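A short worksheet on the structure shown next.
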Amino acid sequence: MERKQFLLTSLTAIPAIAFGKIAGNTSGIAPAFIVRAGSNRSGQPMMKYMGAHPNDVVISRHDTNNQLAVFLFTGHSNIGTPLHVHYHQDEFFTVLEGKYKFVCGEMTSELHAGDTIFLPRNIPHQWLQLSENGRLIYAVSPAGELEDFFKEANDLKTPTEEEINRLALKHGIRHIGPPLSL
């Protein structure tokens, strides 16, 4: 085979070979599964963060080769996050129950059941539950270490704000301001 023909044949085959490897690469991806109400993928009964409010892992980063993590938050009372930024993950929230105030950069919005908000990485954001009860489903992509942050925060008995801030930073999240208030 002539060199020119070899190169043309080889170069046209590379995309097909690469696509086949990408499309067929499922290593590190979990098989299909169901997470029943009241259960989670964290290996812990419930992950508590921000008091007694559970953040359950619905889809673990270990299920998706670190591409996605999905959480279910259940809040009882007016609770919210400090102003923070994720350096490596985009995040989205869908309100399942209740009413929430979200702040992302210069945007402030009130969300109700069925509403979804996208929060891009590197933009400070926070939220506050405005109703007595509320539920959010939210995801980060790529998954990063949010799940690990929650697990480690859960293991601390009565963490100080400084300990939580240091732990968040270890996992790619910087707390930069206090939570919202009513």
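Yeah, the sequence shown ends on 738 if you go by my numbering, and it's all consecutive. The C-beta atom is built at its ideal place from N, Cα and C for all residues, glycine as well. Just so you know, these numbers come straight off a predicted model, no measurement behind them.
Inset, instruction - Report yes or no: do three or more beta-carbon pairs, one from the segment 710 to 717 and one from the segment 613 to 622, lie closer than 8 angstroms? - result: The segment 710 to 717 vs the segment 613 to 622: no contact.
Legend entry - Between the CA atoms of His727 and Phe705 - distance to the nearest angstrom: Counting from 1 along the sequence shown, the entry for residue 705 is found at position 149. Counting from 1 along the sequence shown, the entry for residue 727 is found at position 171. Computed Cα separation, rounded: 6 angstroms.
Inset, instruction - Give the straight-line distance between the Cα atoms of Pro680 and Arg722, rounded to the nearest whole angstrom. - result: Walking along the sequence shown from the start, residue 680 turns up at place 124. Walking along the sequence shown from the start, residue 722 turns up at place 166. Roughly 17 angstroms between the two C-alpha positions.
Inset, instruction - Please classify Ala724: does DSSP put it in a helix, a strand, or coil? - result: One-based indexing of the sequence shown puts residue 724 at position 168. Here Ala724 sits in helix by DSSP.
Legend entry - Residues that Val591 bridges to, as DSSP identifies them: The sequence position of residue 591 within the sequence shown is 35, counting from 1. Residue pairing by DSSP leaves Val591 without any beta bridge partner.
Inset, instruction - Consult DSSP for Ala625 and reduce its assignment to one of helix, strand or coil. - result: Indexing the sequence shown from 1 puts residue 625 at position 69. DSSP, reduced to helix, strand and coil, places Ala625 within a strand of the structure shown.
Inset, instruction - Under 8 angstroms by Cβ, that's how I've got Asn611 and Phe627 pegged, so tell me the actual separation to the nearest angstrom. - result: Position 55 of the sequence shown, counting from 1, holds the residue named residue 611. Position 71 of the sequence shown, counting from 1, holds the residue named residue 627. Taking 8 angstroms as the upper bound for CB-CB distance, Asn611 and Phe627 are in contact here, some 5 angstroms apart.
Legend entry - Buried or exposed (CB count within 10 angstroms, at least 16 for buried), Gln623: The count along the sequence shown starts at 1 and reaches residue 623 at position 67. Counting the other Cβ atoms within 10 Å of the Cβ of Gln623 gives fewer than 16, which makes it exposed.
Legend entry - In chain order, each beta strand (DSSP E) run of at least 3 residues that lies wholly inside the segment 673 to 738: Fully enclosed beta strand (DSSP E) runs of no fewer than 3 residues occupy 681 to 685, 689 to 697 and 729 to 735 of the segment 673 to 738, in order along the chain.
Legend entry - Thr630 in three-state terms, based on DSSP: Indexing the sequence shown from 1 puts residue 630 at position 74. In this structure, Thr630 counts as strand in the three-state DSSP scheme.
Legend entry - Close beta carbons around Lys577, own chain, < 6 angstroms, minus the five adjacent residues each side: Start at 1 with the first residue of the sequence shown, and residue 577 comes out as number 21. Residue confidence is low: Lys577 scores 46 on pLDDT, short of 50, so the model does not pin down where it sits. Its coordinate-derived value is still stated next. For Lys577, where only same-chain residues beyond five positions count, there are no Cβ hits under 6 angstroms.
Legend entry - Inter-stretch contact (C-beta, 8 angstroms, three-pair minimum) for the segment 629 to 646 and the segment 676 to 695: In short, these stretches touch, since the Cβ pair count reaches three.
Legend entry - Between the CA atoms of His644 and Ile635 - distance to the nearest angstrom: As a working note, residue 635 is residue 79 in the sequence shown. As a working note, residue 644 is residue 88 in the sequence shown. Cα to Cα, Ile635 sits roughly 25 angstroms from His644.
Inset, instruction - Run the CB neighbour count on Gly594, radius 10 Å, all protein chains shown included, and call it buried at 16 or more, exposed below. - result: The residue given as residue 594 occupies position 38 in the sequence shown. Around the beta carbon of Gly594, a 10 Å sphere encloses fewer than 16 other beta carbons of the protein chains shown; the residue is thus reported as exposed.
Inset, instruction - Taking 7 angstroms as the cut-off, decide whether the C-beta atoms of Ala724 and Phe648 are in contact. - result: As a first step, residue 724 is located in the sequence shown; it is residue number 168 there, counting from the start. As a first step, residue 648 is located in the sequence shown; it is residue number 92 there, counting from the start. Contact check for Ala724 against Phe648 fails: the beta carbons are separated by 7 angstroms or more.
Legend entry - Nearest-angstrom Cα separation, counted from Leu738 out to Asn678: If you number the sequence shown from 1, residue 678 lands on position 122. If you number the sequence shown from 1, residue 738 lands on position 182. For Asn678 and Leu738, the distance between alpha carbons rounds to 25 angstroms.
Inset, instruction - Can you tell me which of the three DSSP states Glu647 falls into? - result: For the purposes of this step, residue 647 is taken as the residue at position 91 of the sequence shown. Looking at Glu647 - three-state DSSP - the assignment turns out to be strand.
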